[in-house]
Amino acid sequence: MCAKRLWLGFFTFIAFSAYHGALCAGQRNLVDNTTQLAVELAYIPDDHCMSLKQLEDVVQLAAFKAIVDGTERSGVILSSCDLHCLEHLFPAFMYALERTKDGDISKHVVVAANGLPGYLVCEAMRDKYKHRCVLDRFCGHKEPNTTAQVWSHGHAARMGFGSLSYSFALVQKLKWMREILKLNVSAMWLDMDVYVFRNPLPFLWRTPDADLMFSSESCDQGSRFDTDVALQVDGRHWNANCGVWLANPHPTALTFMDFWIQGFWNKLYVERRDGEFDQAVLNSFILDKRYSANKYNYVNNSMVADGMIQRPHDARVYKVTQMVFNNLCSGVCGCSPNWTWTAFTNLADGTLVCHTPQSHVDGWITMHFNCLGGVDKKLEFMKQYQKVKGQA
7 MCAKRLWLGF FTFIAFSAYH GALCAGQRNL VDNTTQLAVE LAYIPDDHCM
57 SLKQLEDVVQ LAAFKAIVDG TERSGVILSS CDLHCLEHLF PAFMYALERT
107 KDGDISKHVV VAANGLPGYL VCEAMRDKYK HRCVLDRFCG HKEPNTTAQV
157 WSHGHAARMG FGSLSYSFAL VQKLKWMREI LKLNVSAMWL DMDVYVFRNP
207 LPFLWRTPDA DLMFSSESCD QGSRFDTDVA LQVDGRHWNA NCGVWLANPH
257 PTALTFMDFW IQGFWNKLYV ERRDGEFDQA VLNSFILDKR YSANKYNYVN
307 NSMVADGMIQ RPHDARVYKV TQMVFNNLCS GVCGCSPNWT WTAFTNLADG
357 TLVCHTPQSH VDGWITMHFN CLGGVDKKLE FMKQYQKVKG QA
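If you want it as structure tokens, here you go:
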């Protein structure tokens, strides 16, 4: 009990000290909320680093529900951000979600805020927006000196791209997705540099047998689709994009997530590949059997050492055409109907005109502003896309 009281006092002190100035500036009064948070933190096991009770409550409040083919489906949109990201990208991210062609879907967003300072700002922003927040703590893998190293980086206001703390945030991202699935709820991941034009969940639920569905990062002849959605075939290379993807609450999806998380840990701690990315692990370590890596045997699709989980053969993974989930890697207007980079014009009133049919633009559900360096550049494009259209 004494240890728990020490934790309570420690986290309450941090919360009040770090954000006393913000409270005085007129943000949400977080006194009661911060006290409750400190109590919650005191009872989170160090080896878990996630408040699952908090997540359960938040998901129930944020869930989007619909009847699809006679079956009730439930899902939330999940994203995460550090303090810098919340202060810069989050308003533009929410601007789009509040104004989709399907109406305001911002209340279905759950933000895993990286670190206590980020969490308190995330909560304060609920004065203006309808999202929900959960606290994402940075706890290290149980290995000598690792915890101290991660904690020293984990509460930074701004994580460097490719840093160790950034890799940890990506691992946590997968863990939060997995925990939502355990609540029998679909989890739709969106990076915060994604502009949303329509609610993606009804579209994705049209493929009821899908365990996971990923946007495609490829825009070339080999990535053509006969339909908007195609089943992934082992050994057929394509670049899945982890900025926009869905996982459904199926046992096979949970097994897949377990394997993905374990594979990520293997890269970070066995192979010592600092700066590893969830997307790289997914594409080269799980989906593409031609890739050769340490600790993995592609003859029998299993981990070589430590009795790690086997690769789930029965997981049904689908890819979604870039014509629906577009991204900036293929040009300012993404991938065009004839699979070429599209030209564009900026009008004097700020409208972005893509030199592609309006029907193409109308088919977009999301535009991911990847392949850009820096938050400022991403924000510039997200604001530009508030007024975008195609050609008649």
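Residues 7 to 398 in our numbering are what the sequence shown lists, from first letter to last. Where is the CB? At the ideal position from N, CA and C, for every residue including glycine. None of these values were measured; they are calculated from a predicted model.
Exercise. Report the residue ranges of all beta strand (DSSP E) runs contained in full by the region 66-93; include only those spanning at least 3 residues, in chain order.
Key: Counting only runs of 3+ residues, the beta strand (DSSP E) found wholly inside the region 66-93 occupies 70-74, 77-87, in chain order.
Quiz item: Which residues bound the beta strand (DSSP E) around residue 326?
Solution: Residue 326 sits at position 320 when you count from the first residue of the sequence shown. Note, residue 326: beta strand (DSSP E), 323-326.
Quiz item: How many Å lie between residue 351 and residue 388 at the Cα?
Solution: As a first step, residue 351 is located in the sequence shown; it is residue number 345 there, counting from the start. As a first step, residue 388 is located in the sequence shown; it is residue number 382 there, counting from the start. Approximately 16 Å between the Cα atoms of the pair.
Quiz item: Among 289, 199, 217, 127, which residue has its Cα nearest to the Cα of residue 320?
Solution: One-based indexing of the sequence shown puts residue 320 at position 314. The option with the nearest alpha carbon to residue 320 is 217.
Self-check item: Pairwise C-alpha distance: residue 56 and residue 50
Solution: Taking the sequence shown and counting its residues from 1, one reaches residue 50 at position 44. Taking the sequence shown and counting its residues from 1, one reaches residue 56 at position 50. Only weak support exists for where residue 50 lies, its pLDDT of 47 falling under 50; the value from the coordinates is given anyway. Going from the Cα of residue 50 to the Cα of residue 56 covers about 7 Å.
Practice problem: Please go through the same chain and pick out, in chain order, the residues whose beta-carbon is closer than 8 Å to the beta-carbon of residue 185, but skip the five residues on each side of it. | Solution: In the sequence shown, counting from the first residue as 1, residue 185 sits at position 179. So the qualifying residues of the chain are 56, 58, 61.
Quiz item: Can you list, in chain order, the residues of its chain whose CB lies under 7 Å from that of residue 341, leaving out five sequence neighbours each side?
Solution: For the purposes of this step, residue 341 is taken as the residue at position 335 of the sequence shown. Cβ neighbours of residue 341 beyond the five flanking positions: 225, 328, 329, 332.
Practice problem: Using beta-carbon positions only, say whether residue 113 and residue 134 come within less than 9 Å of one another. | Solution: Position 107 of the sequence shown, counted from the start, is the residue given in the question as residue 113. Position 128 of the sequence shown, counted from the start, is the residue given in the question as residue 134. Cβ atoms of residue 113 and residue 134: not closer than 9 Å.
Quiz item: Is residue 191 helix, strand or coil when you go by DSSP?
Solution: Taking the sequence shown and counting its residues from 1, the one referred to as residue 191 is at position 185. If DSSP states are grouped into helix, strand and coil, residue 191 belongs with coil.
Exercise. Look at the alpha carbon of residue 93 and the alpha carbon of residue 127, and state the distance between them as a whole number of angstroms.
Key: Counting from 1 along the sequence shown, the entry for residue 93 is found at position 87. Counting from 1 along the sequence shown, the entry for residue 127 is found at position 121. It is roughly 8 Å from the alpha-carbon of residue 93 to the alpha-carbon of residue 127.
Quiz item: In whole angstroms, what is the alpha-carbon distance linking residue 213 and residue 255?
Solution: Locating residue 213 in the sequence shown gives position 207, where the first residue counts as 1. Locating residue 255 in the sequence shown gives position 249, where the first residue counts as 1. C-alpha separation (whole angstroms): 13 Å.
Quiz item: Can you name the residues that DSSP bridges to residue 251?
Solution: For this step, residue 251 is matched to residue 245 along the sequence shown. As a beta-bridge residue in DSSP terms, residue 251 pairs with 195, 220.
Quiz item: With contact counted as at least three CB pairs below 8 Å, one residue from each stretch, are the region 101-119 and the region 196-210 in contact?
Solution: yes
Quiz item: Looking only at its own chain, which residues have a Cβ that is under 6 Å from the Cβ of residue 251, when we skip the five neighbours before and after it?
Solution: Position 245 of the sequence shown, counted from the first residue, corresponds to residue 251. 195, 220, listed in sequence order.
Exercise. Work out the CA separation of residue 222 and residue 100 for me, nearest whole Å.
Key: For the purposes of this step, residue 100 is taken as residue 94 along the sequence shown, with counting starting at 1. For the purposes of this step, residue 222 is taken as residue 216 along the sequence shown, with counting starting at 1. If you draw a straight line from the Cα of residue 100 to the Cα of residue 222, it comes to about 23 Å.
Quiz item: Who are residue 363's beta bridge partners in DSSP?
Solution: For the purposes of this step, residue 363 is identified with residue 357 of the sequence shown, where counting begins at 1. BP columns for residue 363 point to 397.
Exercise. Could you tell me the distance, in whole angstroms, from the CA atom of residue 385 to the CA atom of residue 376?
Key: Position 379 of the sequence shown, counting from 1, holds the residue named residue 385. Position 370 of the sequence shown, counting from 1, holds the residue named residue 376. C-alpha separation (whole angstroms): 11 Å.
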